[in-house]
Structure formats: structure tokens, C-alpha cells
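Down below is the structure, laid out as C-alpha cells.
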Amino acid sequence: MKIYNSLSFKLEDFIPINPTEVLMYVCGPTVYDSPHIGHAKSAITFDLIRRYLEFKGFKVKLVKNYTDIDDKIIKRANEIGTDYLSLSEQYIKEYEDIMELLNVKPNYKSPKATEIIDFMIEVIKTLVKKGFAYISNGSVYFSVKKFNNYDILFQNIKKKEDDEIYEIPQEQEPFISDKYDDKDFVLWKKWKEGEPYWNSPWGKGRPGWHIECSCMAIKLLGNVIDIHGGGLDLKSPHHKNEIAQSIAYTGEEKFANYFLHNGFVNVDNEKMSKSLGNFFLVSDVLKTFDPMVLRLFLLSSHYRHSVNYSINNLRQAQKVYKRIIKTIQLVNEKDPIDSRLIEIDSLSLEIKKSREAIFQAMDDDLNTPKAIAYILTLIKKTNQHLLEENKDISKEFKEAFLSFINELNAIFGIFPKSLYKIKLYASDNFKEEDDIMEQLLELIKNIREELRKRKIYDLSDKIRDELNEIGINLEDK
RNA sequence: GCACGUGUGGCUGAGAGGAUUAAGCAGGAAAAUGCAAAUUUCUGAAACACAGGUUCAAAUCCUGUCGCGUGCUCCA
């Protein structure tokens with residue numbers, strides 16, 4: 117299997133440190149607001165990678181953090197008159213609920229920054245002791261010049277030859293706010309009036325943003341991990357800083373062997389982001405679209421590329437999704453016949469072909485658009501057989517098809533748990549209906565059937581049209 | 001400015017040297033159906049940003065130009 121490594125700018129064969137286990141760390145969200153589609157893309161990207169690795173037989177330990185203390189959280193909490201902890205808890209809950217809806221598998225560990233303050237302090241102490249960090253005006257900063265490869269990280273350029281040893285000019289006054297270099301970043305932030313704080317050897321304060329990821333990865337996974345993931349926007353400076361401080365701390369040659377970055381969700385060809393204010397919340401999208409449609413939509417472009425968000429593109433994904441589901445149902449409902457009665461089972465051969473093609477595409481840096489295209493080809497072949505030619509299917513085919521779908525589901529996670537129970541009339545509505553609602557729909561459905569039997573079509577069509585308008589799709593056989 | 005990425009039909013999006021450039025959506029036509037939807041079949045005055053180059057052969061490799069995006073500052 118090949119994956120693109122941001123460190124080397126190349127496709128590389130994926131070889132984990134331990135042949136049976138993959139250590140994977142992904143930068144999670146800062147929980148000060150509801151998750152938007154961008155968060156979903158990142159989460160689904162790494163969920164896909166995790167699932168595929170699991171499918172390949174690896175045991176995957178995936179850690180994804182929550183940044184639950186930071187400037188924005190404090191600011192937001194003050195704005196709405198609550199404390200940082202209840203604010204972050206609320207948004208963690210919301211994030212987790214949404215991830216569950218999107219069929220993102222639970223992590224091995226989901227640490228919060230505030231849970232590992234002690235360890236962060238330990239690491240910072242070591243960094244100071246080793247001379248990589250300095251204390252300035254009650255805060256602690258990492259000196260990037262002490263880490264000699266800092267400038268070339270994620271830059272496709274050659275390392276400079278002059279390996280001069282840099283000394284932090286601690287006798288002098290820091291010249292850029294409290295720092296000696298513009299790029300130095302804060303490990304420990306001095307306490308300010310009105311902010312939450314923890315005690316440390318440098319006085320009251322709280323951790324900087326970058327240090328938490330290094331600490332969590334090291335503490336929960338080890339000094340060197342296999343895969344480190346996150347959004348493209350975290351490459352620099354966040355991941356640069358992580359690498360610098362982690363290696364400075366552990367003394368290892370590497371922090372992560374593979375760095376993977378997902379592309380953005382764009383709106384009108386511009387990155388969807390909080391700061392631009394052009395973001396769409398997952399929860400809003402899920403009001404009109406099935407979470408599996410959103411998932412399919414995000415997987416329909418390559419994980420490293422950007423995907424353009426629009427209602428129209430979501431509708432496209434919805435059509436594709438329905439198309440796939442419909443065929444699965446069709447196969448599921450069809451009674452197979454004794455395979456001896458079928459001369460050549462060409463359909464079973466199609467499954468073999470698709471399987472190979474799909475896994476080949478996935479082995480090539482998780483080429484989901486290609487894989488999905490192959491799925492659709494198989495769907496088409498199956499539809500032709502079943503609907504156009506109205507042929508029988510063999511028992512072997514039915515079993516192979518459904519088990520293939522299960523395999524696909526394990527990898528892509530695009531089929532809901534209740535796959536074989538989906539009712540056509542409610543397939544658009546992801547929300548689990550109340551019992552009363554369920555019964556009501558059943559009632560309306562029956563009345564319509566009755567009307568149709570009596571050929572009172574104007575009335576039955578009216579019911580269908582109006583139900584469609586409120587988002588309940590009724591389709592006659 | 002530096003770095004990274006990207007430019008394929010109306011739209012989404014594969015293909016990374018070689019046979020007619022996938023697949024889906026939308027548009028047009030047909031079959032079947034009470035009508036829709038879904039399904040299948042067929043289909044569009046000519047889709048590979050532009051200009052050079054390498055090659056018997058380039059969408060694919062190289063060079064340059066232009067456009068777009070992102071990072072260099074909080075962001076998945």
C-alpha cells in the first residue's frame with residue numbers, strides 16, 4: 117500500500133514500525149464551536165485510512181485529541197457567560213454525536229489537553245533543561261533555532277550545510293514581545309487575570325497549543341509513531357512545531373514516519389473556515405441530507421484534494437447513494453436459484469473484478485473517487501442483469517455480493533446499520549421517526565395504495581407530491 | 001515574494017507516455033409504466049489552461065507563461 121508522505125513529498129510504501137500494529141495520531145478540533153464540514157472531512161479522511169488499515173489486518177491505535185483550553189475557548193466562554201470547561205464539554209459532546217452519525221469509528225483514546233497538564237509540564241521542564249526552551253517573563257518558549265532542521269520541515273528544499281550551534285541570548289532582553297525569535301512558539305503561557313490557570317514551576321499559567329499533541333502522542337502511543345494526520349492547514353506551523361519539540365524531547369530521529377494531510381472543503385473555491393465565516397455546520401447539512409450522503413460526498417473526491425461544497429454536489433452524491441442502496445436492496449430481496457441452472461455466472465465474475473480494482477485503487481494512496489467509480493460499474497452491471505434482462509441470480513452471487521458490500525462497508529463506512537431494513541418511503545429521512553410518525557406514514561401509505569387500486573389517481577398523486585414537498589419521498593414500484 | 005498544490009466536457013471527478021480519454025450528475029431520445037420517480041439503452045459542432053520542448057508516440061515527462069487555491073498569522 118502506498119501513501120503520500122508530506123515529509124518526503126512522495127508516495128511511499130506504508131510499513132509500520134510494528135508489523136501488526138499501526139500507531140496513529142490525528143489532530144482533533146479546538147472545541148469552541150459546532151463542527152463544520154471541514155471537521156467532517158478531516159475526521160472521515162482519517163477514519164477511512166484507519167478502516168482500510170484495519171481491513172488490511174493491522175490493529176490500529178488511533179488517538180485524536182480535543183483542545184479544550186485555549187484563547188478562543190476562553191474568549192467564547194466569557195462571551196456567553198460560562199466557564200471554559202462547560203463550554204468545551206458541550207462541544208465535545210456535540211462533536212462526538214456528529215461523528216457517530218457520520219459513522220466515524222471511536223478512537224482508541226480521545227484525550228483532552230487539560231487531562232495531561234502534568235505531563236506537559238514534565239516535557240516542558242525537560243525541554244528547558246535540554247536547552248531547547250527558555251523562560252521569558254513567566255512564559256516558556258521553544259527556540260526554533262535550536263532545532264536545526266526547523267526551516268526545512270515540509271519544505272521541499274535541501275538542508276543547509278552550515279550547522280552552526282545557536283545559543284539563545286538569554287542575557288539580553290527578548291526583542292520580539294517576549295521572544296528571541298519571531299518563530300519561537302509558546303510552550304507555557306503566563307497567567308492573565310480572569311483566565312483559568314494551573315500551577316507550574318514557572319508560576320500560574322496554561323499550556324500553549326502545540327505542546328499537547330506531542331505529549332499525547334508520546335504518552336499514549338510512544339516516542340515514534342507511524343502516522344500523524346491533520347488538516348493541510350496544520351502543516352505549518354503546528355506540525356512543524358510538534359516535530360521540533362517532540363524530537364527535542366525524545367532524542368529520537370523522528371516523531372512520526374508518515375505525515376498525512378487532508379485537503380480542504382471549499383465554498384466557491386475558497387477554503388471553508390471559521391475565520392472567513394463561510395462555513396456550514398454539519399448539523400445543518402444533516403437536516404436535509406442523510407449522514408451517509410455527506411460521507412459519500414466527502415469520499416467522492418480524493419482526501420488530499422479539496423472538495424467543493426454546494427447543495428448541488430450534495431444532491432449528486434445523494435443520487436449516487438440511492439442508486440447503490442437500491443441495487444443492494446434489490447439483490448437482497450431477490451430469491452436466488454440453484455446455481456447449477458445458470459450456465460456461466462458472469463455476475464459473480466464481475467464481483468471479483470471489482471474487488472481487485474477497488475483494492476488496487478485504495479492501495480494507491482486511498483483513491484476513493486476511483487474506487488467509487490468501480491462500485492458504480494458493478495452496480496450498473498447488476499442492474500442490467502436484474503432489471504433489464506430480468507435474469508435470475510445464483511446463490512453464490514447473492515452471497516458474494518452481499519459479503520462484498522459488507523467488506524465495502526467496513527472500509528468506506530457508507531452504509532447505515534439498518535441497511536437491509538431501509539424503507540423506500542423514508543429513505544431520505546435519516547432521523548429515526550417516532551412510533552406515531554411511523555404508524556402515520558404507514559397509514560397514509562396504505563390509503564394511497566387503496567386509492568391507486570381504485571384508480572383514483574388524482575388524489576393518490578396529490579398525496580405523493582405533497583409528501584415529497586415536505587421531504588418524504590414516496591416511490592411506487 | 002518564498003513554499004506546496006491544482007487547472008480534463010454544463011457540473012463532480014478518474015486516467016500519469018501508446019488502441020475509441022473512465023464513472024456519476026445534469027441535458028436530449030427510446031423501452032417499460034395509469035402518471036411521476038426509480039431502472040435500462042442510445043446520445044451531444046469537436047473536454048485534457050496556454051506556448052514551446054523531449055519522444056516513433058504526451059492529457060500524462062521537461063521548460064516557460066497564465067489562472068486558481070492554500071501555507072508562511074488562529075483554523076480540520
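Heads up: the first sequence runs through residues 117 to 593, numbered per my numbering.
Beta carbons are placed, not taken as given, at the ideal position from N, Cα and C, and that holds for glycine.
Bear in mind that the values here come from a model prediction, so they are computed numbers and not experimental data.
Item, Value
"C-beta atoms of Asp69 and Ser510 nearer than 8 Å", "Absent from the structure is residue 69, since the part of the chain shown begins at 117 and ends at 593."
"Run of the beta strand (DSSP E) containing Tyr207, from where it starts to where it stops", "Here Tyr207 belongs to no beta strand (DSSP E); instead the alpha helix (DSSP H) covers Tyr200 to Leu217."
"Buried versus exposed, by CB contacts within 10 Å (16 or more), Leu164", "buried"
"Which listed residue (Lys578, Val447, Ser422 and Lys351) has its alpha carbon closest to that of Val142", "Lys351"
"Residue closest to Ala477, alpha-carbon to alpha-carbon, out of His418, Gly529, Glu449 and Lys497", "His418"
"Nearest-angstrom Cα separation, counted from Lys305 out to Ser330", "17 Å"
"Best match in Ile334, Glu309 and Ala333 for proximity to Arg322 [C-alpha to C-alpha]", "Glu309"
"Which residues DSSP lists as bridging Ser252, in chain order", "Ser255"
"Three-state secondary structure assigned by DSSP to Met408", "helix"
"Three-state secondary structure (DSSP) of Glu128", "strand"
"Counted within 10 angstroms of its Cβ, other Cβ atoms place Ile334 as buried (16 or more) or exposed", "buried"
"Euclidean distance between Cα positions of Ile495 and Thr443", "7 Å"
"Closest Cα partner of Gly347 within the set Val239, Lys118 and Ile153", "Ile153"
"Boundaries (first-last residue) of the beta strand (DSSP E) holding Thr236", "A small correction: the amino acid at residue 236 is Met; Thr does not occupy that position in the sequence shown. Here Met236 belongs to no beta strand (DSSP E); instead the alpha helix (DSSP H) covers Ile233 to Lys245."
"Among Tyr374, Asn181, Arg166 and Ser124, the one whose alpha carbon lies nearest that of Thr146", "Asn181"
"Contact between the segment 215-227 and the segment 253-270 (3+ Cβ pairs under 8 Å)", "no"
"Paired residues, beta bridge with Asp480 - DSSP", "Lys118"
"Rounded Cβ spacing between Val138 and Leu336 (contact assumed at less than 8 Å)", "That belief does not hold up - the Cβ atoms of Val138 and Leu336 are roughly 14 Å apart, past 8 Å."
"The beta strand (DSSP E) enclosing Met140, as first and last residue numbers", "Glu137 to Val142"
"contact_flag[the segment 511-520, the segment 187-205] where n(CB pairs < 8 Å) is 3 or more", "no"
"DSSP-derived helix/strand/coil call for Ser389", "coil"
"Where the alpha helix (DSSP H) through Phe513 begins and ends", "Lys511 to Phe528"
"Three-way DSSP call (helix, strand, coil) for Lys261 in this model", "helix"
"Nearest to Phe171 (by Cα), restricted to the options Met117, Thr404 and Tyr148", "Met117"
"Those residues which DSSP pairs with Asn382 across a bridge", "Lys387 and Asn424"
"Span separating the alpha-carbon of Asp581 from that of Leu590", "8 Å"
"Terminal residues of the alpha helix (DSSP H) in which Trp304 lies", "Careful: Trp304 lies outside any alpha helix (DSSP H), inside the beta strand (DSSP E) at Phe301 to Lys306."
"Classification of Gly144 by the beta-carbon crowding that lies within 10 angstroms, buried from 16 upward", "buried"
"Under the three-state DSSP convention, the category Ile588 falls into", "coil"
"Lys157 vs Val398 beta-carbon contact at 8 Å", "no"
"Collapsed DSSP secondary structure at Arg322 in the structure displayed", "strand"
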